[in-house]
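Numbering (my numbering), first residue to last: 21 to 191. No residue lacks a Cβ here, since even glycine has one placed at the ideal position from N, Cα and C. First up is the structure itself, then whatever we jot down about it.
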């Protein structure tokens, strides 16, 4: 039988052993996977001038329900909101940069998905009246907020192929 004074030590050791190890930040690093290769889904060359290419990109995004802003002559930004479930919201943002290239133009595109989840939080407050001997009257309030839980650049070649095919149809 173990002495009682060792019981707290054993309990702490067992609790530490049961704790899940956290992932070190260095294991989450993604930059080693960046190849910077010539074959990229983010670039599209067309036989039109850069101004026509950007206008075709603007029309392509508008035709799919994106809210579009033209930040500069060669920069188009569009975004669209999705709600796949009651508790989840996704925002898709697309940036198009149109530059002159011989012959024609090159359109650079990147898309980013941002994920949001509905999170509930409970808050409470109390009122104490010291002259009457500490009376506490709690008020409990609940609120729900959309919280950003993730964001990623879309690297799917098929996604960009569909985008550039639609852009080409609007030339």
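The beta carbons of residue 190 and residue 120 sit no closer together than 7 Å. For the 7 Å CB-CB criterion, residue 78 and residue 96 form a contact. In this structure, residue 137 lies away from residue 174, with their beta-carbon atoms at least 7 Å apart. In the structure shown, residue 71 falls within a helical segment according to DSSP collapsed to helix, strand and coil. Taking C-beta atoms as the reference points, residue 170 and residue 135 count as a pair closer than 7 Å. DSSP, reduced to helix, strand and coil, places residue 55 outside both helices and strands of the structure shown, so it counts as coil. The alpha-carbon separation between residue 124 and residue 68 amounts to approximately 5 Å.
Using a Cβ distance threshold of 7 Å, residue 113 and residue 132 count as a contacting pair. For residue 98, the uninterrupted beta strand (DSSP E) segment begins and ends at 95–105.
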